[in-house]
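Here the structure is laid out as structure tokens; the discussion comes afterwards.
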Amino acid sequence: MLEHIGRTSGERRYVVLEVVDRPTPDAIVVASGFGAKAQWFRNIAVNPQVRVWLGSHRPVAGVAHALDQGAADQVLTNYRKRHPATWQQFKLVLEETLGQPITETDTPLPMVEIRLLPDL
Numbered sequence: 010m011l012e013h014i015g016r017t018s019g020e021r022r023y024v025v026l027e028v029v030d031r032p033t034p035d036a037i038v039v040a041s042g043f044g045a046k047a048q049w050f051r052n053i054a055v056n057p058q059v060r061v062w063l064g065s066h067r068p069v070a071g072v073a074h075a076l077d078q079g080a081a082d083q084v085l086t087n088y089r090k091r092h093p094a095t096w097q098q099f100k101l102v103l104e105e106t107l108g109q110p111i112t113e114t115d116t117p118l119p120m121v122e123i124r125l126l127p128d129l
């Protein structure tokens with residue numbers, strides 16, 4: 010679950026997201042299934058300071074940033090290779106919500122990397 014701050018309201022907001030990659034122990038990558046119009050995605054662009062709950066662990070502070078096109082394509086390629094059966098079902102849902110096909114490159118699916126911050 011991701012806690013983020015509303016860009017207009019300043020209120021805490023929460024969303025449950027799919028972790029599509031864990032490139033390092035201190036980073037996760039999540040996908041914005043509703044594209045760049047998703048409220049959480051728009052909020053982290055204004056305020057990238059977030060908190061993340063991973064499984065049953067206590068929340069961890071983090072800093073979110075959208076991946077560039079090449080990095081997003083690579084994350085999706087890796088996900089497809091690791092989870093081919095899941096991807097077939099996930100792809101259909103994403104194409105429906107995004108309103109366009111997801112191809113091998115130039116994915117319309119925004120990806121966000123969240124760097125987890127060490128406890129202070």
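Read in our numbering, the sequence shown has 81 at position 72, and its numbers run on one by one without any break. C-beta atoms are modelled at their ideal positions from N, C-alpha and C, and glycine is treated no differently.
DSSP three-state call for residue i: helix, strand or coil?
i       : result
Pro-93  : helix
Leu-125 : strand
Glu-12  : strand
In chain order, what residues of the same chain have a beta carbon less than 6 Å from the beta carbon of residue i, not counting five sequence neighbours either side?
i      : result
Ile-14 : Asn-56
Of the residues the options, which one's Cα is nearest the Cα of residue i?
i      : options                     : result
Asp-82 : Pro-117, Ala-36 and Leu-11  : Pro-117
Val-24 : Leu-11, Thr-17 and Ala-36   : Leu-11
Gly-42 : Pro-127, Met-120 and Gly-64 : Met-120
What residues in its chain sit with their C-beta under 8 Å from that of residue i, if we drop five residues either side in the sequence?
i       : result
Pro-136 : This structure cannot speak to residue 136, because the chain is shown only from 10 to 129.
From the beta carbon of residue i, is the nearest beta carbon of chain C less than 8 Å away?
i      : result
Arg-91 : Although the question refers to chain C, the structure presented lacks it and comprises just one protein chain.
Cutting at 7 Å between CB atoms, please list the residues of its own chain near residue i, excluding the five before and the five after it.
i      : result
Asn-87 : Asp-30
Runs of alpha helix (DSSP H) wholly within the stretch 18 to 90 (minimum 4 residues, chain order): 48 to 55
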